[in-house]
Amino acid sequence: MSQCLLPWGNGTRSVSSVALIANGVSFAIKNALFTTTGSAADYGSFRGWLLVVTIICWGAQFADLIAPDKWELAMALFKIGFVSYGATLVFYTAAFPRLARNTPRARKLDQGELTIEEYEIEESLEKNGIGSISNAHDSIGYLLTLTLNLSLLIPLQNNPKVDNYKIAL
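In this note's numbering, each number is its position in the sequence shown, counted from 1, plus 8.
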C-alpha cells in the first residue's frame with residue numbers, strides 16, 4: 009500500500025505526520041491564548057465576541073469544502089477552526105456564573121430568604137447544574153452528529169466526495 013506524501017520544507021511528509029503537526033501547533037496556540045487571555049471571558053465585556061468567534065469557527069470548517077485540493081489552505085483553516093472552537097467553549101462556559109445568578113432559586117437572596125452563606129451554596133449548585141445540562145446537550149449533540157455522519161459514510165464509502173458531504177451535513 010503506497011503512502012500519500014505531501015511536500016514539506018525541503019522534503020516530504022506523510023499526511024498523518026502533517027495532521028499531527030497541525031494538531032500540535034493548534035494546541036500550542038490554544039494553550040498560549042487561553043492561559044493568557046482566557047480570564048477576559050470571565051471578567052471582561054467580551055461576551056459580544058462569542059457570536060463573532062462562533063461564525064469564524066463555522067466559516068473555517070465550511071471553507072474546507074471550497075478548495076479541497078489545496079492542503080496548505082485546508083491545514084490553515086483546520087487550525088483556525090480548532091482554535092476558534094476552543095474559544096467558543098471558553099466564552100460559553102464563562103456565561104454560566106451569570107446564568108446561575110439569574111435563576112429563580114438564586115434570586116431568593118433579593119427577597120431576603122437566604123443568608124449570604126446559603127446564597128453562595130445555591131449559586132454554586134446552580135452553576136454545577138447549568139454545567140451538567142450543557143454537558144448533557146453536548147454529548148447528545150455529538151451522538152446525533154456522529155450518527156448522521158455514519159448514515160452518510162457507510163452507504164457512500166466508495167464515493168470520493170463523501171467527506172465533503174459529511175462536513176456539509
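Beta carbons are placed, not taken as given, at the ideal position from N, Cα and C, and that holds for glycine.
Comparing alpha-carbon positions, which option in the options lies nearest residue i?
i	options	result
SER142	GLY32, VAL23, LEU97, TYR93	LEU97
PHE70	GLY89, PHE42, HIS145	GLY89
VAL23	GLY32, CYS12, ASN31	CYS12
ALA49	LEU154, ASP146, ALA102	ALA102
LEU152	LEU177, SER140, ALA68	LEU177
LEU81	ILE37, ALA30, ARG21, ASN39	ALA30
PRO168	ASP77, TYR150, LEU154	ASP77
Using a Cβ-Cβ distance cut-off of 9 angstroms, determine whether residue i contacts chain B.
i	result
VAL23	Absent from the structure: chain B. Only one protein chain is present.
Since residue i contacts residue j with CB under 8 angstroms, what's their CB separation in whole angstroms?
i	j	result
LEU73	ASN172	5 angstroms
PHE104	ILE138	5 angstroms
PHE42	GLY94	7 angstroms
Between residue i and the rest of its own chain, which residues show a CB-CB distance below 8 angstroms, the 5 nearest in sequence each way excluded?
i	result
VAL26	LEU14, TRP16, TRP79, MET83
LEU178	Residue 178 lies beyond the residue range present for the chain, which begins at 9 and ends at 177; the question has no answer from this structure.
SER34	PHE86, LYS87, PHE90, VAL91
GLY19	none
THR37	Note that residue 37 is Ile in the sequence shown here, rather than Thr. Hits under 8 angstroms: LYS87, VAL91.
LEU122	LYS116, GLU130
ASN39	none
ILE175	GLN69, PHE70, ASP72, LEU73
Check whether the Cβ atoms of residue i and residue j sit closer than 9 angstroms, and answer yes or no.
i	j	result
VAL170	LEU161	yes
TYR100	LYS116	no
ILE2	SER92	The first residue shown for the chain is 9 and the last is 177, placing residue 2 beyond what the model contains.
GLU130	ALA114	yes
Excluding sequence positions up to five away, which residues of its chain have a Cβ less than 7 angstroms from the Cβ of residue i?
i	result
ALA68	LEU85, ILE88, GLY89, SER92
THR62	THR96
GLY46	VAL98
Any heavy atom of the ligand MN inside 8 angstroms of the beta-carbon of residue i?
i	result
GLU128	For the structure depicted, the ligand MN is absent and the ligand set is empty, with no information on it obtainable.
Apart from the five residues on each side of it in sequence, which residues of its chain come closer than 6 angstroms, Cβ to Cβ, to residue i?
i	result
MET9	For MET9, the pLDDT reaches just 46, beneath the cut-off of 50, and the residue's location in the model is therefore unreliable, although a value from the coordinates is still provided. Closer than 6 angstroms at the Cβ level, and outside the excluded window around MET9, lies no residue.
LEU28	none
LEU158	none
Quiz item: Is it a yes or a no for the region 132-141 touching the region 106-116, going by three-plus beta-carbon pairs under 8 angstroms?
Solution: yes
Quiz item: Is there contact here, the region 45-60 with the region 79-86, by at least three beta-carbon pairs under 8 angstroms?
Solution: no
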